[in-house]
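*Asks:* Those protein sequence lines, which keep their order, are chains Y and H.
Remember, my numbering sits 109 above the position in the first sequence when you count from 1.
Remember, my numbering sits 109 above the position in the second sequence when you count from 1.
Protein chains: 2
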Amino acid sequence: MSIQIDISRDKRGLIRDFVYETLKKNIMELRLEPGRFISEKELVEMLQVSRTPIREALVKLTQEELIETTPQKGSIISLIDLQHAEESRFVRKTLESAVVREACELLDKEQVLHLQNLISLQELCESEQNYGRLFELDEEFHKSIMIGCGRGRTWGLIQQMATHDNRIRILRLASDSDWKIILAQHHGIVRAIKEKDPDQADKMIRDHLELLLIEKESLKQKHTKFFK
Amino acid sequence: MSIQIDISRDKRGLIRDFVYETLKKNIMELRLEPGRFISEKELVEMLQVSRTPIREALVKLTQEELIETTPQKGSIISLIDLQHAEESRFVRKTLESAVVREACELLDKEQVLHLQNLISLQELCESEQNYGRLFELDEEFHKSIMIGCGRGRTWGLIQQMATHDNRIRILRLASDSDWKIILAQHHGIVRAIKEKDPDQADKMIRDHLELLLIEKESLKQKHTKFFK
DNA sequence: GCTGCAGTAGTGGTATGTTAGTATTATCAC
DNA sequence: GTGATAATACTAACATACCACTACTGCAGC
């Protein structure tokens with residue numbers, strides 16, 4: 110029943126957090142497959158810690174709808190819920206377009222430069238077809254805009270809500286995404302911010318976030334057992 | 110060290126949930142004061158349950174920033190953070206105005222009627238000066254709009270983020286809020302939805318949510334020890 | 001072969017014991 | 001009296017033990 114998962118234990122810090130981080134990472138990257146049954150006992154053996162920190166980590170993950178627990182029965186990695194994904198997309202689009210408007214006022218030259226650097230790195234990854242890293246840099250780009258506007262908690266909310274949608278995006282990574290278009294849009298967003306044009310920035314980021322929407326149904330056909 | 114708090118244990122259901130609900134309610138209603146030190150041992154005596162479900166409830170509350178725990182030291186009810194409150198207000202205003210636009214399309218006659226009934230109840234409470242219940246009905250009003258649009262999770266997000274701002278609103282309840290204005294705005298919002306005028310609905314709800322903003326600084330002066 | 005029920009293995013929920021870190025307090029050297 | 005330090009009294013973190021519930025398995029009766 111054992112499975113290969115990423116583990117890297119930092120001796121400092123709480124075991125509870127280690128368990129939480131480990132599970133979350135492996136769920137989000139689909140090494141722990143949606144629908145997979147997972148018992149506390151199994152985790153005890155896998156991670157070599159007692160049930161207490163495991164249970165506390167599971168409580169957190171349950172709260173984020175990444176795990177579903179039935180009393181006296183067991184837990185499963187939550188199936189991907191398309192409705193959940195749709196709503197998280199709505200939330201993200203709504204909040205991020207509002208923040209990017211603020212960004213036109215708030216971001217200084219240095220921060221804009223940082224964004225441009227991120228795009229350069231993204232272009233590098235794209236040319237090397239390193240799509241995993243590219244995904245991370247994409248997140249980093251959006252995060253930087255929000256943090257720069259003092260909207261760190263808002264970014265946290267978006268992330269928390271994105272637990273289902275982001276797994277879909279990981280599924281899509283295999284097939285080639287339209288990264289060239291995405292990078293062009295990143296350029297466009299930064300340009301709008303630089304030129305302090307909130308309407309344009311808003312429009313660009315909405316187009317951008319809508320691009321990622323396609324193909325959900327076909328993905329569901331392809332990986333039926335992962336979906337609700 | 111004991112304190113009077115609301116407890117009502119439902120025998121069915123998990124103890125963990127009972128502890129969580131009890132603490133959350135008492136924190137949000139300020140019976141457990143921001144900054145107050147609270148140990149697991151104290152909760153054991155107060156609630157007459159073991160440490161395990163208490164710890165698991167505290168993990169959840171910590172994740173929602175209602176409790177702050179320092180390893181090997183203890184926990185406190187989190188101080189009200191004005192910056193947190195401001196950001197939650199931004200999130201709420203942004204999301205709710207987007208949803209209310211959808212509402213103009215999505216809500217049917219029956220749902221609109223339900224909203225009008227809620228307003229009637231609110232007016233009743235206002236005339237009776239039952240401000241506690243009025244607060245709940247206010248929340249119910251906004252919640253109904255969002256649920257009606259299939260945005261239940263979005264409402265959950267807003268609520269989760271509102272843990273600091275809502276405590277400020279409770280503080281304000283003592284002083285008389287401008288409930289008459291608020292109720293007039295509720296009428297306006299419903300009217301805009303009924304007439305399927307998204308721009309108007311958007312504008313009304315923004316005005317509405319901005320009204321609640323005032324006096325924060327003076328409240329902070331008045332209850333210094335509750336604030337960060 | 002099918003149905004019903006008793007036994008049992010396995011699960012998560014809860015209680016309690018143990019460990020390790022922190023802050024305070026009492027004590028001792030000066 | 002003042003400073004350093006050792007004892008100790010707290011805490012939360014972690015480990016383990018126990019309990020109640022679920023679901024399956026296999027046998028008995030038909």
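From the three backbone atoms N, C-alpha and C, an ideal C-beta is built for every residue, glycine too.
In this text the structure is predicted, and so the values were computed from the model without any measurement.
Assign Y/Gly183 to one of three DSSP states: helix, strand, or coil.
*Replies:* By one-based count along the first sequence, residue 183 of chain Y stands at place 74. It is a strand residue.
*Asks:* Just how far apart, CA to CA, sit Y/Lys325 and H/Leu280?
*Replies:* As a first step, residue 325 of chain Y is located in the first sequence; it is residue number 216 there, counting from the start. As a first step, residue 280 of chain H is located in the second sequence; it is residue number 171 there, counting from the start. Using only the alpha carbons, I get a separation of about 46 Å.
*Asks:* What separation, rounded to the nearest whole angstrom, lies between the Cα atoms of Y/Leu238 and Y/His251?
*Replies:* The residue given as residue 238 of chain Y occupies position 129 in the first sequence. The residue given as residue 251 of chain Y occupies position 142 in the first sequence. The question names Leu, but residue 238 of chain Y is Gln in the sequence shown. Cα-Cα distance, rounded: 21 Å.
*Asks:* Can you tell me the Cβ-Cβ gap for H/Leu328 and H/Ile277, rounded? I've got them flagged as a contact below 8 Å.
*Replies:* The count along the second sequence starts at 1 and reaches residue 328 of chain H at position 219. The count along the second sequence starts at 1 and reaches residue 277 of chain H at position 168. Confirmed, about 6 Å.
*Asks:* Note down, in chain order, every chain Y residue with its Cβ under 8 Å from the Cβ of H/Gln53.
*Replies:* Nothing about residue 53 of chain H can be reported from this structure: the residues present for chain H run from 110 to 337 only.
*Asks:* Let me know the secondary structure DSSP gives Y/Glu205 once reduced to three states.
*Replies:* Taking the first sequence and counting its residues from 1, the one referred to as residue 205 of chain Y is at position 96. Y/Glu205 falls in the helix class under three-state DSSP.
*Asks:* Does the separation of the CB atoms of H/Ala310 and H/Cys213 fall below 8 Å?
*Replies:* Locating residue 310 of chain H in the second sequence gives position 201, where the first residue counts as 1. Locating residue 213 of chain H in the second sequence gives position 104, where the first residue counts as 1. Yes, Cβ-Cβ distance for H/Ala310 and H/Cys213 is below 8 Å.
*Asks:* H/Gly257: buried (16+ other C-beta within 10 angstroms of its C-beta) or exposed?
*Replies:* Working through the second sequence from its first residue, we reach residue 257 of chain H at position 148. The residue in question, H/Gly257, is buried, as its Cβ has 16 or more Cβ neighbours within 10 Å.
*Asks:* Compare the Cα-Cα distances from H/Leu139 to each of H/Asp316, H/His317, H/Ile176 and H/Lys169 and report the closest residue.
*Replies:* Taking the second sequence and counting its residues from 1, the one referred to as residue 139 of chain H is at position 30. When only C-alpha atoms are compared, the closest one is H/Ile176.
*Asks:* Roughly how many angstroms lie between the CA atoms of Y/Ser111 and Y/Leu152, to the nearest whole one?
*Replies:* The sequence position of residue 111 of chain Y within the first sequence is 2, counting from 1. The sequence position of residue 152 of chain Y within the first sequence is 43, counting from 1. For Y/Ser111, the pLDDT reaches just 39, beneath the cut-off of 50, and the residue's location in the model is therefore unreliable, leaving the point undetermined.
*Asks:* Just to make sure I have the definition right: I need the residues of chain H whose C-beta is within less than 7 Å of the C-beta of Y/Glu196. Which are they?
*Replies:* In the first sequence, residue 196 of chain Y corresponds to position 87, counting from 1. Result: Arg260, Arg262 and Thr263.
*Asks:* At which residues does the alpha helix (DSSP H) containing Y/Pro143 begin and terminate?
*Replies:* For the purposes of this step, residue 143 of chain Y is taken as the residue at position 34 of the first sequence. No alpha helix (DSSP H) holds Y/Pro143; DSSP gives it neither H nor E.
*Asks:* If I follow the unbroken alpha helix (DSSP H) through H/Glu245, where does it start and stop?
*Replies:* Taking the first residue of the second sequence as 1, we reach residue 245 of chain H at position 136. Where H/Glu245 is concerned, the enclosing alpha helix (DSSP H) stretches over Tyr240 to Gly257.
*Asks:* For a minimum of 4 consecutive residues, which ranges assigned as the alpha helix (DSSP H) are wholly contained in the segment 276-330 of chain Y?
*Replies:* Counting only runs of 4 or more, we get 288-303 and 307-320.
*Asks:* Closer than 8 Å by beta-carbon distance: list the chain H residues that pair up with Y/His193, in chain order.
*Replies:* Position 84 of the first sequence, counted from the first residue, corresponds to residue 193 of chain Y. Here the neighbours are Arg262.
*Asks:* For Y/Glu165, I'd like the list of residues in its chain whose CB is within less than 6 Å of its CB, leaving aside the five on either flank, ordered along the chain.
*Replies:* Residue 165 of chain Y sits at position 56 when you count from the first residue of the first sequence. Arg125, listed in sequence order.
*Asks:* What residue range does the alpha helix (DSSP H) around H/Lys218 cover?
*Replies:* Numbered from 1 along the second sequence, position 109 holds the residue referred to as residue 218 of chain H. Element bounds for H/Lys218: Lys218 to Glu237.
*Asks:* Tell me the DSSP secondary structure of H/Thr272 in three-state form.
*Replies:* Mapped onto the second sequence, residue 272 of chain H falls at position 163. Coil, per DSSP.
*Asks:* Check whether the segment 222-231 of chain H touches the segment 191-205 of chain H, taking contact to mean three or more Cβ pairs, one atom from each stretch, closer than 8 Å.
*Replies:* With a cut-off of 8 Å, the segment 191-205 of chain H and the segment 222-231 of chain H do not count as touching, because too few Cβ pairs lie within range.
*Asks:* Assuming H/Pro143 and H/Phe335 make a contact with CB atoms under 8 Å, what is their CB distance in whole Å?
*Replies:* In the second sequence, residue 143 of chain H corresponds to position 34, counting from 1. In the second sequence, residue 335 of chain H corresponds to position 226, counting from 1. With a Cβ gap of about 4 Å, H/Pro143 and H/Phe335 count as contacting.
*Asks:* Are the beta-carbon atoms belonging to H/Glu235 and H/Leu243 less than 8 Å from one another?
*Replies:* On the second sequence, position 126 is the one that residue 235 of chain H refers to. On the second sequence, position 134 is the one that residue 243 of chain H refers to. Cβ distance < 8 Å, so H/Glu235 and H/Leu243 count as in contact.
*Asks:* Just to confirm the assignment, what range does the alpha helix (DSSP H) spanning Y/Val128 have?
*Replies:* Here residue 128 of chain Y refers to the residue found at position 19 when the first sequence is read from its first residue. First-last of the alpha helix (DSSP H) with Y/Val128: Ile124 to Met137.
*Asks:* Might you give, ordered along the chain, the residues of its own chain that have their beta carbon closer than 7 Å to the beta carbon of H/Leu246, omitting 5 neighbours on each side?
*Replies:* Residue 246 of chain H sits at position 137 when you count from the first residue of the second sequence. Cβ within range, chain order: Leu227, Leu230, Gln231 and Cys234.
*Asks:* Run through the DSSP bridge pairs and tell me what Y/Ile176 is partnered with.
*Replies:* By 1-based counting over the first sequence, the position of residue 176 of chain Y is 67. Answer by DSSP bridge pairing, in chain order: Y/Ile186.
*Asks:* In this structure, what does DSSP give as the bridge partners for Y/Phe335?
*Replies:* On the first sequence, residue 335 of chain Y is found 226 positions in, with the first residue counted as 1. Answer is none; Y/Phe335 lacks a bridge partner.
*Asks:* So H/Leu204 contacts chain Y; which residues on that side make the cut at Cβ distance below 8 Å?
*Replies:* As a first step, residue 204 of chain H must be located in the second sequence, where it is residue number 95. Simply Val200, Thr203 and Leu204.
*Asks:* Would you decide whether Y/Asp316 is buried or exposed? Buried here means 16 or more other CB atoms lie within 10 Å of its CB.
*Replies:* Within the first sequence, residue 316 of chain Y is the residue found at index 207, counting from 1. When all chains shown are included, Y/Asp316 counts as exposed.
*Asks:* Would you mind telling me which residues of chain Y sit closer than 7 Å to H/Leu266, beta carbon to beta carbon, in chain order?
*Replies:* Counted from its first residue, the second sequence places residue 266 of chain H at position 157. Residues of chain Y passing the Cβ test: Val200, Leu266 and Met270.
*Asks:* Would you kindly report the start and end of the unbroken alpha helix (DSSP H) that includes Y/Val153?
*Replies:* Within the first sequence, residue 153 of chain Y is the residue found at index 44, counting from 1. First-last of the alpha helix (DSSP H) with Y/Val153: Glu149 to Leu156.
*Asks:* Check the C-beta distance from H/Ala271 over to H/Ser206 and give it rounded, since I have them as a contact under 8 Å.
*Replies:* Residue 271 of chain H sits at position 162 when you count from the first residue of the second sequence. Residue 206 of chain H sits at position 97 when you count from the first residue of the second sequence. Their Cβ separation, rounded to whole angstroms, is 16 Å, which puts H/Ala271 and H/Ser206 out of contact at 8 Å.
*Asks:* With H, G and I counted as helix, E and B as strand and the rest as coil, what does DSSP make of Y/Arg260?
*Replies:* As a working mapping, residue 260 of chain Y is identified with position 151 in the first sequence. The answer is coil: DSSP assigns Y/Arg260 none of H, G, I, E or B.
*Asks:* Pick helix, strand or coil for Y/Ser159, following the three-state DSSP scheme.
*Replies:* Reading the first sequence from its first residue, position 50 is the one you call residue 159 of chain Y. Reduced to three states, the DSSP call for Y/Ser159 is coil.
*Asks:* Which residues in chain H have a C-beta closer than 7 Å to the C-beta of Y/Glu149? List them in chain order.
*Replies:* Against the first sequence, residue 149 of chain Y aligns to sequence position 40. Chain H residues near Y/Glu149: none, gap ~13 Å exceeds 7 Å.
*Asks:* Considering only C-alpha positions, which residue in the set H/Met155, H/Leu188 and H/Leu320 is nearest to H/Glu173?
*Replies:* Here the question's residue 173 of chain H lines up with position 64 in the second sequence. Checking every option, the nearest Cα to that of H/Glu173 belongs to H/Leu188.
*Asks:* Which same chain residues end up closer than 7 Å to Y/Glu149 when comparing Cβ atoms and leaving out the 5 residues on each side of it in sequence?
*Replies:* Translated into the one-based positions of the first sequence, residue 149 of chain Y becomes position 40. Arg160, Ile163 and Arg164, listed in sequence order.
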